[in-house]
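Heads up, the thing below is written out as structure tokens.
Residue numbers (our numbering): 118 to 305.
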């Protein structure tokens, strides 16, 4: 099981690096815009934005590629498999949740924990965060991911929608417990 986790994390690294590079390229434009608007952004907030961008890139690498897609192998040798292939849909609520709790708890907790940042980081970074905004972000991201996975040989699973939403709500609740107002943009 630990090998699976390491393989999963290893495949997320190139997506995180690419997203961080894109964020770094866009950052000067962001700074100019903030200056033009008469705003400043604390260094801690900028670091969290970078980490959120890297997290989103790593999630894209982990969830938007076919099941046999080894990112490091693709970087070295290219991809020679079939990227697009139809898959299945699981509309039966809780079938996979119950199965994973019984046999593979990592699947259950992985889906919850992986989406906690989608509830936590937007709440930290944007003003007036509400639980329904965290839920809306998680729902939009999850539906997009699950819909895409249907076309790349992975299963569209309604249980993933539920677990990911639970993860986002867990992240938002964590923000509610830990919140500090020092990370918002302020006027100069």
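We put the CB at the ideal spot given by N, CA and C, even for glycine. Everything numeric in this text was worked out from a predicted model, so none of it was measured.
Quick one: Cα of residue i to Cα of residue j, how far?
i           : j           : result
residue 264 : residue 205 : 11 Å
residue 250 : residue 184 : 31 Å
residue 120 : residue 157 : 43 Å
residue 273 : residue 267 : 5 Å
residue 141 : residue 213 : 39 Å
residue 252 : residue 292 : 14 Å
residue 200 : residue 258 : 21 Å
residue 262 : residue 152 : 35 Å
residue 196 : residue 256 : 30 Å
residue 159 : residue 203 : 46 Å
residue 211 : residue 225 : 11 Å
residue 139 : residue 161 : 19 Å
residue 146 : residue 122 : 36 Å
residue 284 : residue 248 : 12 Å
residue 155 : residue 137 : 26 Å
residue 271 : residue 215 : 19 Å
residue 124 : residue 209 : 29 Å
If residue i sits next to residue j, beta carbons under 8 Å apart, how far is it from one beta carbon to the other, in whole angstroms?
i           : j           : result
residue 172 : residue 234 : 5 Å
residue 176 : residue 231 : 7 Å
residue 281 : residue 207 : In fact, because the Cβ distance is near 14 Å, the residues do not count as touching under 8 Å.
Are the CB atoms of residue j and residue i within a distance shorter than 9 Å?
i           : j           : result
residue 178 : residue 131 : yes
residue 238 : residue 260 : no
residue 223 : residue 174 : no
residue 242 : residue 295 : no
residue 189 : residue 150 : no
Looking at the unbroken alpha helix (DSSP H) that takes in residue i, where does it start and where does it end?
i           : result
residue 222 : 222–242
residue 180 : 160–180
residue 252 : 248–267
residue 196 : Segment: none, residue 196 is in no alpha helix (DSSP H) and carries neither H nor E.
residue 209 : Unbroken run through residue 209: none, as it is neither H nor E.
residue 131 : 119–153
residue 277 : 275–295
Alpha carbons only, please: which of the options is nearest the one belonging to residue i?
i           : options            : result
residue 217 : 245, 276, 196      : 276
residue 290 : 240, 256, 182, 253 : 240
residue 288 : 209, 197, 246, 214 : 246
residue 143 : 124, 252, 167, 127 : 167
residue 269 : 181, 152, 138, 146 : 181
residue 148 : 139, 137, 138, 163 : 163
residue 236 : 225, 244, 154, 254 : 254
residue 192 : 129, 137, 215      : 129
So, does the CB of residue i fall closer than 9 Å to a CB anywhere in chain C?
i           : result
residue 196 : Of the protein chains in this structure there is only one, and it is not chain C.
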